[in-house]
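I have placed the structure first, in the form of structure tokens, so that the comments after it can refer back to it.
Protein chains: 2
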Amino acid sequence: MKRILITLSYDGTAYAGWQRQLNGIAIQQVVEEALEKATGAPVKITGASRTDAGVHALGQAAHFDTESTIPPEKYPFVLNTLLPEDIRVLAGQEVGETFHARFDTKGKRYLYHIHNAPHAGALNRRTHVHVPMPLDEAAMHEAAQSLLGVHDFAAFAAAGGSHKTSVREIYEISCVRRGEAITLSVYGNAFLYNMVRIIAGTLIGIGHGKTEPDCFLKALETGDRLCLGITAPAHGLILDEVFYEA
Amino acid sequence: MKRILITLSYDGTAYAGWQRQLNGIAIQQVVEEALEKATGAPVKITGASRTDAGVHALGQAAHFDTESTIPPEKYPFVLNTLLPEDIRVLAGQEVGETFHARFDTKGKRYLYHIHNAPHAGALNRRTHVHVPMPLDEAAMHEAAQSLLGVHDFAAFAAAGGSHKTSVREIYEISCVRRGEAITLSVYGNAFLYNMVRIIAGTLIGIGHGKTEPDCFLKALETGDRLCLGITAPAHGLILDEVFYEA
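Protein chains in written order, with the working numbering: chain H, 1 to 246; chain Z, 1001 to 1246.
Written out as structure tokens, the structure reads:
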């Protein structure tokens, strides 16, 4: 028995999220079915992040156990012939038998893409949330810096999470414009349910000048979700990279 | 009667190209149907470029005549509520009654996107052509410079074009890498049928070291299509901008 870690990219548009569920097709299920075809035995995979419906990934990580003799680095070639084009396996490696893709993460980086232009785009519509009013990305970037470090992010969580503590650490956060696109990048040790989408929604309000930039400080002090803006739509969110101890 | 010029962006994936045809749905047709709903009368539109099936646009231009009293700058708002999400109108303006979106162009810029990585991507699969072998973008850029200026591009045309002359001028051409993406940008006065895709296919061979960089010079001298590489796939091609006299 080997434990294998694979890296995946997917376009979440067509899926009901990462995790198997009753309604809709989950990415986990599609990958497990491809792995069963490849290895000849049922396989259960565990992802680092249970991304929601519509959320994308450039670097999701997942582990599984198998008796298969497929060399670990060949999994991308084997699985990509079996998977639909909107799910791609980018890498495979053997890991120790106690490695866990979710519990062993040391950090994750998410991106949130905003298309800031008078009219929506046709080519970026699946990965960018359209915001027609002009946004001040410098104000967004500056306000976001108040989230750096270790804080109790209780105000930044949607109902439905199941976290023991709401203390998290953000290592890096930035808002950068490139033409009509503004990308929020958030790198932290772990995230509460909908945390990045709540940060993104609040930053859109700040960039538009409708939300006070100090609302982040108030939310951190009070733990009150109502200090913050909307939960931004799922399709702007991308799981960029999952980090493990080297 | 007013003549209106609109700017469009589209994801060409689902369409049989710009121009109305017997098989498949054309972008022209979808836009004409939306215009008929908006203005209450049948409308015929003329595009600057008759993009092929699968080819995208960030800035296609098209004109039409109408008796409608819709203010020209309101066409994006009116049409985008009627069009599918993969076709967006970005701008509208009134032009003179003799203006012609195709015959009056002073230049066009096309982009060709290559995803150069061991495995294909899930999120860029509609707009980037995947090339797994490593490409030398500096060699591609240098070879491309030999196409600058006025030349007879007879060797750079697929059968099926209907051009009086094959003399064209290229104003700017570049190959730039950004991470795993290489973008070819070609700005010229006009283009022969499949010209940019033939340039892209040849540059991929040059970047891979399988094609001699001086093949462009030989092709310009001899007019022989066989000096050049394959016609690269349609889905990497994007009509970026159409230029008119100010």
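Glycine included, each C-beta is placed from N, C-alpha and C at the ideal position.
message: Using C-beta distances below 8 angstroms, list every residue in its chain close to residue 1195 of chain Z, excluding the 5 sequence neighbours before and after it, in chain order.
response: Position 195 of the second sequence, counting from 1, holds the residue named residue 1195 of chain Z. So the qualifying residues of the chain are 1153, 1156, 1157, 1168.
query: Closer than 8 angstroms, CB to CB, is residue 1050 of chain Z near chain H or not?
result: Position 50 of the second sequence, counted from the first residue, corresponds to residue 1050 of chain Z. Chain H, which has no Cβ nearer than 8 angstroms to the Cβ of residue 1050 of chain Z, makes this no.
message: Would residue 83 of chain H and residue 30 of chain H be called neighbours here (beta carbons separated by less than 8 angstroms)?
response: Taking the first sequence and counting its residues from 1, the one referred to as residue 83 of chain H is at position 83. Taking the first sequence and counting its residues from 1, the one referred to as residue 30 of chain H is at position 30. Against a cut-off of 8 angstroms, the Cβ pair of residue 30 of chain H and residue 83 of chain H comes out as a contact.
task: Below 8 angstroms on the Cβ atoms is my guess for residue 53 of chain H versus residue 76 of chain H; work out the distance and round it to an integer in Å.
output: Counting from 1 along the first sequence, the entry for residue 53 of chain H is found at position 53. Counting from 1 along the first sequence, the entry for residue 76 of chain H is found at position 76. Incorrect: roughly 25 angstroms between the Cβ atoms, too far for contact.
message: For residue 133 of chain H and residue 1087 of chain Z, I'd like the C-alpha separation in whole angstroms.
response: Translated into the one-based positions of the first sequence, residue 133 of chain H becomes position 133. Translated into the one-based positions of the second sequence, residue 1087 of chain Z becomes position 87. For the pair residue 133 of chain H and residue 1087 of chain Z, the Cα-to-Cα distance works out to about 21 angstroms.
query: In whole angstroms, what separates the C-alpha of residue 1131 of chain Z from that of residue 1111 of chain Z?
result: Translated into positions along the second sequence, residue 1131 of chain Z becomes position 131. Translated into positions along the second sequence, residue 1111 of chain Z becomes position 111. The straight-line gap from Cα to Cα measures roughly 16 angstroms.
message: With H, G and I counted as helix, E and B as strand and the rest as coil, what does DSSP make of residue 225 of chain H?
response: By one-based count along the first sequence, residue 225 of chain H stands at place 225. Of the three classes helix, strand and coil, the one that applies to residue 225 of chain H here is helix, per DSSP.
- prompt: Taking only runs of the alpha helix (DSSP H) that begin and end inside the segment 85-124 of chain H, which ones reach a length of at least 4 residues, in chain order?
  reply: none
- prompt: In terms of residues, what are the limits of the beta strand (DSSP E) holding residue 1063 of chain Z?
  reply: Translated into positions along the second sequence, residue 1063 of chain Z becomes position 63. Per DSSP, residue 1063 of chain Z belongs to the beta strand (DSSP E) from 1056-1066.
query: Rounded C-beta distance between residue 184 of chain H and residue 163 of chain H? I'm assuming under 8 angstroms.
result: Along the first sequence, read from residue 1 onward, the residue named residue 184 of chain H stands at position 184. Along the first sequence, read from residue 1 onward, the residue named residue 163 of chain H stands at position 163. No, residue 184 of chain H and residue 163 of chain H are not in contact; Cβ-Cβ is about 22 angstroms, not under 8 angstroms.
task: Taking only beta-carbon positions, decide if residue 166 of chain H is within less than 8 angstroms of chain Z.
output: To locate residue 166 of chain H, count along the first sequence from 1; it is residue 166. It does not: the Cβ of residue 166 of chain H has no partner Cβ on chain Z nearer than 8 angstroms.
Helix, strand or coil at residue 210 of chain H [DSSP, three-state]: Along the first sequence, one-based indexing puts residue 210 of chain H at 210. If DSSP states are grouped into helix, strand and coil, residue 210 of chain H belongs with coil.
query: According to DSSP, what are the bridge partners of residue 130 of chain H?
result: Locating residue 130 of chain H in the first sequence gives position 130, counting from the first residue. Beta-bridge pairing links residue 130 of chain H to H/115.
task: Would you list the residues sitting across from residue 1077 of chain Z in a DSSP beta bridge?
output: As a working note, residue 1077 of chain Z is residue 77 in the second sequence. Answer by DSSP bridge pairing: none, since residue 1077 of chain Z is not bridged.
- prompt: Roughly how many whole angstroms lie between the Cα atoms of residue 210 of chain H and residue 1244 of chain Z?
  reply: The count along the first sequence starts at 1 and reaches residue 210 of chain H at position 210. The count along the second sequence starts at 1 and reaches residue 1244 of chain Z at position 244. Taking the straight line joining both Cα atoms gives about 39 angstroms.
task: Can you give me, in chain order, the residues of the segment 70-84 of chain H that have a beta carbon less than 7 angstroms from any beta carbon in chain Z?
output: For the segment 70-84 of chain H, the set of residues with a beta-carbon nearer than 7 angstroms to any beta-carbon of chain Z comprises 76, 80, in chain order.
- prompt: Quick one: what's got a C-beta closer than 7 angstroms to residue 1146 of chain Z's C-beta in the same chain, skipping five residues either side?
  reply: Counting from one through the second sequence, the residue named residue 1146 of chain Z turns up at place 146. Correct list, in chain order: 1216, 1217.
task: Rounded to whole angstroms, what's the CA-CA distance from residue 170 of chain H to residue 34 of chain H? Just pull it up for me.
output: Taking the first sequence and counting its residues from 1, the one referred to as residue 170 of chain H is at position 170. Taking the first sequence and counting its residues from 1, the one referred to as residue 34 of chain H is at position 34. Roughly 35 angstroms between the two C-alpha positions.
Three-pair Cβ contact test at 8 angstroms for the segment 1174-1183 of chain Z versus the segment 1133-1142 of chain Z: yes
task: Give the C-beta separation of residue 106 of chain H and residue 188 of chain H to the nearest angstrom, bearing in mind that I take them to be a contact with Cβ-Cβ under 8 angstroms.
output: Locating residue 106 of chain H in the first sequence gives position 106, counting from the first residue. Locating residue 188 of chain H in the first sequence gives position 188, counting from the first residue. Going by Cβ atoms, the distance from residue 106 of chain H to residue 188 of chain H rounds to 11 angstroms, so no, they are not a contact pair.
query: When burial is assigned at 16 or more other CB atoms within 10 Å of the CB, is residue 1011 of chain Z buried or exposed?
result: In the second sequence, counting from the first residue as 1, residue 1011 of chain Z sits at position 11. So residue 1011 of chain Z counts as buried.
message: Check this for me: beta carbons of residue 1113 of chain Z and residue 1199 of chain Z, under 8 angstroms apart or not?
response: Looking up residue 1113 of chain Z in the second sequence gives position 113. Looking up residue 1199 of chain Z in the second sequence gives position 199. Their beta carbons are not under 8 angstroms apart, which means residue 1113 of chain Z does not touch residue 1199 of chain Z by this criterion.
- prompt: Any beta-carbon of chain H closer than 8 angstroms to the one on residue 1005 of chain Z?
  reply: Position 5 of the second sequence, counted from the start, is the residue given in the question as residue 1005 of chain Z. No, its Cβ sits nowhere closer than 8 angstroms to a Cβ of chain H.
- prompt: Among H/125, H/40, H/63, H/18, which residue has its Cα nearest to the Cα of residue 98 of chain H?
  reply: Translated into positions along the first sequence, residue 98 of chain H becomes position 98. Shortest Cα-Cα distance from residue 98 of chain H to any of H/125, H/40, H/63, H/18 involves H/63.
- prompt: In chain order, what residues of the segment 1098-1122 of chain Z put their CB closer than 7 angstroms to some CB of chain H?
  reply: 1119, 1120, 1121, 1122
- request: Ignore the nearest five residues each way along the sequence and tell me which others in residue 1234 of chain Z's own chain have a CB closer than 8 angstroms to its CB.
  value: On the second sequence, position 234 is the one that residue 1234 of chain Z refers to. Cβ within range, chain order: 1012, 1052, 1053, 1054, 1055, 1197.
task: Report buried or exposed for residue 246 of chain H, applying the criterion of at least 16 other Cβ atoms within 10 angstroms of its Cβ.
output: By one-based count along the first sequence, residue 246 of chain H stands at place 246. Residue 246 of chain H comes out exposed.
message: Any beta carbon from chain H within less than 8 angstroms of residue 1089 of chain Z's own beta carbon?
response: The count along the second sequence starts at 1 and reaches residue 1089 of chain Z at position 89. So yes, residue 1089 of chain Z belongs to the interface.
- prompt: Of the residues H/74, H/68, H/126, H/149, which one's Cα is nearest the Cα of residue 43 of chain H?
  reply: Here residue 43 of chain H corresponds to residue number 43 of the first sequence, with the count starting at 1. For the residues H/74, H/68, H/126, H/149, the minimum Cα distance to residue 43 of chain H belongs to H/68.
query: Any Cβ of chain H within less than 8 angstroms of the Cβ of residue 1058 of chain Z?
result: By one-based count along the second sequence, residue 1058 of chain Z stands at place 58. Chain H contact via Cβ: present.
With 16 other Cβ atoms within 10 Å as the buried cut-off, status of residue 1120 of chain Z: The residue you call residue 1120 of chain Z lines up with position 120 of the second sequence. Residue 1120 of chain Z comes out buried.
field: Buried versus exposed call for residue 1127 of chain Z [16 or more other C-beta atoms within 10 Å across all chains shown]
entry: Here residue 1127 of chain Z refers to the residue found at position 127 when the second sequence is read from its first residue. Flag for residue 1127 of chain Z reads buried.
- prompt: Going along the segment 1172-1183 of chain Z in order, which residues come within less than 7 angstroms of chain B, judged by CB to CB distance?
  reply: Protein chains in the displayed structure are H and Z, and chain B is not among them.
message: Here's the rule I'm using: 16 or more other beta-carbon atoms within 10 Å means buried, otherwise exposed. How should residue 23 of chain H be labelled?
response: The sequence position of residue 23 of chain H within the first sequence is 23, counting from 1. With fewer than 16 other Cβ atoms within 10 Å, it is exposed.
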